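Colleague:
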Amino acid sequence: MPIQNRVKSFLEGRNLSAYQFIKDTGIAPATGYKLAKKSSYLPSIRVLEVICDTYKVQLSEILEWVEEKEV
0 MPIQNRVKSF LEGRNLSAYQ FIKDTGIAPA TGYKLAKKSS YLPSIRVLEV
50 ICDTYKVQLS EILEWVEEKE V
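Numbered according to numbering that gives the first Met the number 0, the sequence shown spans residues 0 to 70.
Pasting the structure below:
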């Protein structure tokens with residue numbers, strides 16, 4: 000998939016734990032931990048809105064496009 004989440008690097012850059020991220024946003028713990036550990040996991044639009052609203056960031060800080068590798 001050419002779109003990946005950047006939550007792990009986002010959290011590292013802000014010195015936040017996955018636990019604090021979940022507390023701040025109020026998203027489901029399973030969703031928060033998946034986002035923090037698995038870059039291929041893509042959240043719903045609603046979760047993206049909550050993250051962006053909570054941290055006052057653009058979507059580009061949470062998602063990125065990456066070129067697909069040829070097999």
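We put the beta carbon where it would ideally sit given N, CA and C, even for glycine. Since the model is a prediction, treat every value here as computed from it, not as a measurement.
By how many angstroms is the C-alpha of Glu60 removed from the C-alpha of Ile2?
Modeller: Approximately 12 Å, taken between the alpha carbons.
Colleague: Taking the C-alpha atoms as reference points, what is the distance between Trp64 and Ser39?
Modeller: Taking the straight line from one Cα to the other gives about 11 Å.
Colleague: Would you tell me roughly how many angstroms separate the C-alpha atoms of Ile26 and Val49, rounded to the nearest one?
Modeller: Computed Cα separation, rounded: 8 Å.
Colleague: Opposite Gln3 in the DSSP bridges: which residues?
Modeller: BP columns for Gln3 point to Glu63.
Colleague: Pro42: buried (16+ other C-beta within 10 angstroms of its C-beta) or exposed?
Modeller: Looking at its Cβ environment, which holds 16 or more other Cβ atoms inside 10 Å, Pro42 is buried.
Colleague: With 16 other CB atoms within 10 Å as the buried threshold, where does Ile44 fall?
Modeller: Exposed is the call here.
Colleague: Which ranges does the alpha helix (DSSP H) cover as unbroken runs of at least 4 residues, wholly within the stretch 20-48, from first to last along the chain?
Modeller: Within the stretch 20-48, the complete alpha helix (DSSP H) runs of at least 4 residues are 28-36.
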